[in-house]
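Residue numbers (the working numbering): 48 to 164.
Structure (structure tokens):
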């Protein structure tokens, strides 16, 4: 079972047991988090697409670590002026392990299908 959810302005595809590096969340290490903005849920050959969200579905995860990403070097310069400025930026991120996905309807019971006939 997999899901596509939205957090931090980005979309992520996740399955149970995946570890995702996402934009920083306000959660402590070891804390459980829940993502409610689920756009798509799939299981086997069946796919449930939301309009725009899949109602009643959630992606649950556990925060593994809060850390800074690698440094991005930024260089500014003006030609022929001997003007150069260099600085770096390190973006915070959260590493989340997906513990569960809910929201895909189960197959109808045998009694329900017999009642329809």
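Glycine included, C-beta positions come from ideal geometry on N, C-alpha and C.
Mind checking which residues open and close the beta strand (DSSP E) that includes residue i?
i: residue 64; result: Unbroken run through residue 64: none, as it is neither H nor E.
i: residue 131; result: 130-136
i: residue 108; result: 105-115
Strictly by DSSP, which residues pair up with residue i?
i: residue 73; result: None; residue 73 has no bridge partner.
i: residue 120; result: 135
i: residue 126; result: DSSP, once it has assigned bridges, lists no residue as partnering residue 126.
Does DSSP put residue i in a helix, a strand or coil?
i: residue 51; result: strand
i: residue 82; result: strand
i: residue 149; result: strand
i: residue 98; result: coil
i: residue 89; result: strand
Please check the pair residue i and residue j, which I expect to be a contact at CB under 8 Å, by giving their CB distance rounded to whole angstroms.
i: residue 106; j: residue 61; result: 6 Å
i: residue 51; j: residue 150; result: Contact doesn't hold; Cβ gap of about 12 Å is too wide.
Can you tell which of the options has its C-alpha closest to the C-alpha of residue i?
i: residue 53; options: 100, 122, 146; result: 100
i: residue 56; options: 93, 66, 70; result: 70
i: residue 131; options: 121, 137, 102; result: 121
i: residue 165; options: 108, 116, 88; result: Missing from the structure shown is residue 165; the chain here goes from 48 to 164 and no further.
i: residue 83; options: 59, 94, 77; result: 59
i: residue 97; options: 136, 87, 103; result: 87
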